[in-house]
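Participant: Residues -21 to -1, 1 to 315, numbered by mature numbering (1 follows the signal peptide of the UniProt record, and there is no 0), are exactly what the sequence shown covers, in order.
Beta carbons are placed, not taken as given, at the ideal position from N, Cα and C, and that holds for glycine.
Provided herewith is a single structure, encoded as structure tokens, for subsequent inquiry.
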Amino acid sequence: MMNRRKMIWSSLGLGSVAALAGFGAVASVAHARELKPFTLSGRALGTKVSLLVLHNDEGAAQAALSDALAEVQGVDKVMSLYRDDSQVVALNRAGELARPDARLLEVLRYSQDLADRTHGAFDVTVQPLWDAYTQAKAQGGLPSADTVRTAGALVGWRDLDLSEEAARLRRPGMAITLNGVAQGYAADRALAAVRRHGIEHALIDAGEFDTLGRKQQDKPWVLGVQHPRESEQIVMRLAMDGRALATSGDYETYFTPDFVNHHIFDPATGHSPLELSSASVLAPTALQADGLSTAFMVLGAERALALAATLPGVDALLIGKNGQTFRTPGLPALTA
């Protein structure tokens, strides 16, 4: 499974809050309601999950955090490729899944809509390409051209049928991965959980980022976008305005040290896209941000920016392999 740990530096965990989000002495948020920070972490969907809420009641905060983590882990149970008992693994194994979980259907339907919007640039059926590359890497190389063509012939989002009765892959050998959307969806579920507990200020990191309220009474949450080639360098800091943030890039999981071959595939070619090294997206939900960041990597700067301009509440920061940056006008950027 692709490990798409993002290039966004989280401000979860009190040390990194001070360093990356300018949180300062976190106890100083004790403004009118004496808000205090409460955190919880775990693992799901192949990554660390970190949750932070600000509240004046420890019991309520801990209950919110517990429910939020349970939501993320619930998504993991249904959508992870790391679990032999997940519904995604069952679908890939049998080619058909009866009565799919409502959460799985929601994510797959969004994915199919995004595939349609991007003319197939986003496609959850690229898993055969991932399998081909990882198997070749285990043998010390890259897959042959014939192997890529064979795997690519199994990719096709239109051959995934969805209904409440069943999810079906029409052709033997097809398989899906939800790495481009599951973490974002999990972040949204976690955020909804803390809202249900009356939490007004939170920062959710489930591999993608959701924010609620502010980190201080007069200051927003701030997240930094890491340079794709310099791990200690921040390209831009973003003042979060209630939207979600996701980044896809070429350097976290790659098959060649020049980052030409990595975990994101262009379904049309069977190879990794060549223009961008990273794509960061702000969107109304983390599910949207997650899917769009992958799609934008495949589309390239010109087509990605054109699509972003048609989507309400969507902004993007794109970084080319040559270091050139592209951004939408509404990006809430601070100086790096």
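#1: May I have a chain-ordered list of the alpha helix (DSSP H) segments no shorter than 4 residues that lie completely inside the stretch 63 to 123?
#2: May I ask which residues mark the beginning and end of the beta strand (DSSP E) holding L19?
#3: Are the CB atoms of G163 and residue 322 within a distance shorter than 9 angstroms?
#4: Just confirm the distance between the C-beta atoms of T26 and G186, as a whole number of angstroms; I'd bet it's less than 8 angstroms.
#5: From the DSSP output, read off the bridge partner residues of G299.
#6: Is it the case that the Cβ atoms of L261 and L93 are separated by a distance below 9 angstroms?
#7: How would you write the range of the beta strand (DSSP E) that T304 sits in, first residue to last?
#8: By how many angstroms is the C-alpha of Q196 removed from the C-alpha of V67?
#9: What separation, rounded to the nearest whole angstrom, lies between the Cα atoms of A145 and G152?
#10: With the cut-off set at 9 angstroms, would you say A169 and L30 are in Cβ contact?
#11: Going by C-alpha distance, which of F234, A43, E50 is nearest A117?
#12: So is Y112 buried or exposed if we call it buried at 16+ other beta carbons inside 10 Å?
#13: Under the three-state reduction of DSSP, which class applies to T226: helix, strand or coil?
#14: In whole angstroms, give me the CA-to-CA distance for H242 and S251.
#15: Report the rounded CA-to-CA distance for H98 versus Q41, giving the unit in angstroms.
#16: I need the boundaries of the alpha helix (DSSP H) containing Q52, first residue and last residue.
#17: Can V140 and A223 be called in contact, C-beta distance under 9 angstroms?
#18: For the putative contact between D229 and P207, defined by C-beta atoms under 8 angstroms, what is the C-beta separation to the nearest angstrom?
#19: If you reduce the DSSP assignment to three classes, tell me which class M(-21) lands in.
Facilitator: Let's see:
#1: 66 to 73, 81 to 96, 106 to 117
#2: 15 to 23
#3: No answer is possible for residue 322: the residues shown for the chain start at -21 and end at 315.
#4: 4 angstroms
#5: L255
#6: no
#7: 304 to 306
#8: 42 angstroms
#9: When rounded, the distance between both Cα atoms is 18 angstroms.
#10: Their beta carbons are under 9 angstroms apart, which means A169 touches L30 by this criterion.
#11: F234
#12: buried
#13: strand
#14: 7 angstroms
#15: 43 angstroms
#16: 37 to 58
#17: A small correction: the amino acid at residue 140 is Asp; Val does not occupy that position in the sequence shown. It is not a contact, given that the beta carbons lie outside the stated cut-off.
#18: 7 angstroms
#19: Because the pLDDT at M(-21) is just 36, under 50, the model does not fix this residue reliably, and the point stays unresolved.
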